[in-house]
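Taking the working numbering, the leading residue of the sequence shown gets 1168, the next gets one more, and so forth. Glycine residues also receive a C-beta, built at the ideal position from the N, C-alpha and C atoms.
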Amino acid sequence: MKLYDLDACPYCKMVRDRLDELKLSYEKVSVPRDRSQRQEVFDVSGQWTVPVLVDGDVMLDDEEKILPYLDQKYGTVAR
Ligand SMILES: N[C@@H](CCC(=O)N[C@@H](CS)C(=O)NCC(=O)O)C(=O)O
């Protein structure tokens, strides 16, 4: 899976931490800080913010969607 990410973004860090906890491997795509230069993020998700996670056919554009998705699909520990 692929994570569009900004190191300084707290929402991205939440997602990275969860991916690590779940021991999932992923490709990290570091996006420019300037949102107008994130054409790839827009092409993938139709909006400009990160985090964006792409897992096969599934695209999620918000950490509030990504975290429950990861837990449901890959998690073993109830939260
Ligand atoms: N997914 C969050 C927003 C995520 C968010 O704000 N990401 C920031 C980085 S932490 C971002 O991409 N900002 C782009 C910008 O404001 O130019 C939401 O919709 O509530």
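According to the DSSP assignment, D1238 belongs to the alpha helix (DSSP H) that extends over 1230-1241. Inter-residue distance for Y1178 and V1217 is about 8 angstroms (C-alpha atoms, whole angstroms). Rounded to the nearest angstrom, the gap between the Cα atoms of E1194 and S1203 is 22 angstroms. Between M1226 and L1191, the C-beta spacing is not below 9 angstroms. Around the beta-carbon of S1212, 16 or more other beta-carbon atoms lie within 10 Å, marking it buried. Around G1223, the same chain offers M1168 as residues with beta carbons nearer than 8 angstroms, after the five sequence neighbours per side are excluded.
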